[in-house]
Each structure stands twice: as C-alpha cells, then as structure tokens.
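These notes are about the structure you will find just below.
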Amino acid sequence: MKTASTQAPPENNLNERLAHSGLRVTPQRQQVHEVLREKMDHPTADQVFMRAKGKMPEISMATVYNCLDALVQCGLVREVTLDRGATRYCPNMQDHSHFYCDECGSVYDILQTISPEDAGIKLPRGFRLKLIETNLHGHCPDCAAKAK
Ligand SMILES: [Zn+2]
Ligand SMILES: [Zn+2]
0 MKTASTQAPP
10 ENNLNERLAH
20 SGLRVTPQRQ
30 QVHEVLREKM
40 DHPTADQVFM
50 RAKGKMPEIS
60 MATVYNCLDA
70 LVQCGLVREV
80 TLDRGATRYC
90 PNMQDHSHFY
100 CDECGSVYDI
110 LQTISPEDAG
120 IKLPRGFRLK
130 LIETNLHGHC
140 PDCAAKAK
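Numbering of the sequence shown is given in numbering that gives the first Met the number 0, commencing with residue 0 and proceeding in unit increments.
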C-alpha cells in the first residue's frame, strides 16, 4: 500500500455520482474507477491505461482519458499535478496534502492540511482563503532507509 494514513473511500457511490452529473455508467468508467481505488498510488493516465488494459484488453487510451475526465467531473477523482511531469489521479476526496518522494517519484496522501486560521497568512483585503494545500517533498520511508 502506498497510502500512509488513509483508507479507500466507499465505492458504492460511483453509479450515483455519475448519474447525478448526467453521465452514463459504463463498464469502462467502473473499471477505471476500480483501478484507481485498487492501488491509491496516484498513477498517471498512462499507468491507469496499462492497469485497466490488463483486465479489459479492448479498452483504448482515448477511453481511459474520457473515463478519467468523467470521474473528475463528477467529483470522485481529482487531478494532482506535480511541478514536473504528467497529471496524476487521486481517488481520495478528503482534504489532504501530497508527499512526493524525490527519489522514487511515489506520491503519498498525507492527511494534514493547514487551516487558514493557523497559517498566519496575511491576505489583501477582499480575499477569502478556504484551503491551503501543501506539497511536501522529501524521501519516502523506503528511500530514506536505503539512503542510510
Ligand atoms: Zn521513495
Ligand atoms: Zn492524493
């Protein structure tokens, strides 16, 4: 498991959420959602495609993109962008920060967000802060152990 401190969100709301957003439930969308939930390691679209293909050989890259878009649109998955590199996908919709391992490139969910009250950030007049999302960089436990 790549997640340090979180559990997979309930899966049963997929159909409901798709329908709610006016999107069709398709086996491909279900498959892509399953792939993301199975291993919450923030895969890129390419990686999602490879994994989905293993179970659904006829699925195409274009379909995978379409499925990911649909899942993002209905709020079941969110896009995570690293400073460099491809967009990754995260099925954890709780407020959380991401810890990037600079050594192996893994991305971990860290359930810690700084509340706007605690941050001590002085905003110009008129701005209202709702959420601070932090990107943490460093070494994951595996890489930290190897570096010793
Ligand atoms: Zn690492
Ligand atoms: Zn995440």
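Each residue gets a CB set at the ideal place from its N, CA and C atoms; glycine is no exception. As the structure is a prediction and not an experimental result, all values here were calculated from the model.
Nearest-angstrom beta carbon gap, residue j and residue i [assumed within contact, 8 Å]
i	j	result
C139	S114	The pair is not a contact, with the Cβ atoms about 26 Å apart (cut-off 8 Å).
H41	R87	4 Å
D108	M39	7 Å
L110	I120	Incorrect: roughly 21 Å between the Cβ atoms, too far for contact.
Whether residue i touches residue j by CB criterion (7 Å)
i	j	result
P90	R36	yes
M55	Q93	no
A144	I131	no
F48	V34	no
H97	N134	yes
C100	C142	yes
As assigned by DSSP and simplified to three states, the class of residue i
i	result
R77	strand
D141	helix
A7	Note on A7: pLDDT 48, under 50, position unreliable in the model; no value is reported.
D117	helix
I131	strand
Does the contact criterion of 3 or more C-beta pairs under 8 Å hold for the stretch 13-32 versus the stretch 63-72?
yes
If we require 4 or more residues per run, which alpha helix (DSSP H) segments fall completely within the stretch 14-98?
26-37, 44-54, 60-72
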